[in-house]
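Inspection log for the structure reproduced underneath, given as structure tokens.
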Amino acid sequence: MSTAMNFGAKSFTPRAPDKGAFPLDHFGECKSFKEKFMTCLRENAFDNSKCRLQSKDYLECRMEHQLMAKEPLEKLGFKDLTDSPPRQADKDQH
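Residue numbering for the sequence shown follows our numbering, beginning at -13 and increasing consecutively.
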């Protein structure tokens, strides 16, 4: 009994991961941010709305270390947490 396999019939074509799928942090580059986020979730009965700042910090770390595609924070739902830098005129008045 011999089974013939035709290796040329199909070829693998790589494609980008689906949105939301990203590489694991094998080197632990963002581990401290993940731990802060998870601690916040546990302390707040897993109400993620109370841990948005930690979530934003974690995603920023992942983007900085090429563990996910760079996206504007506004697009990720953090528009209210992205403060534009204060203008010089505003600083001079205080």
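We treat Cβ as the ideally placed atom computed from N, Cα and C, and that holds for glycine.
Near K42, which residues of its chain fall below 6 Å by C-beta distance, leaving aside the five closest residues on each side in sequence?
The residues are F64 and L67.
Candidates H51, A55 and E60, of which the one nearest K17 by Cα:
If you compare the alpha carbons of H51, A55 and E60 with that of K17, the shortest gap goes to H51.
Excluding the 5 residues preceding and the 5 following F23 in the sequence, name in chain order all residues of the same chain whose CB lies nearer than 7 Å to its CB.
Closer than 7 Å at Cβ, skipping near neighbours: C37, Q40, S41 and Y44.
Alpha carbon to alpha carbon, how far is F13 from L53?
Between F13 and L53, the alpha-carbon positions lie close to 11 Å from each other.
Rounding to the nearest angstrom, what Cα-Cα distance links K20 and D33 in this structure?
So the alpha carbons of these two residues sit roughly 16 Å apart.
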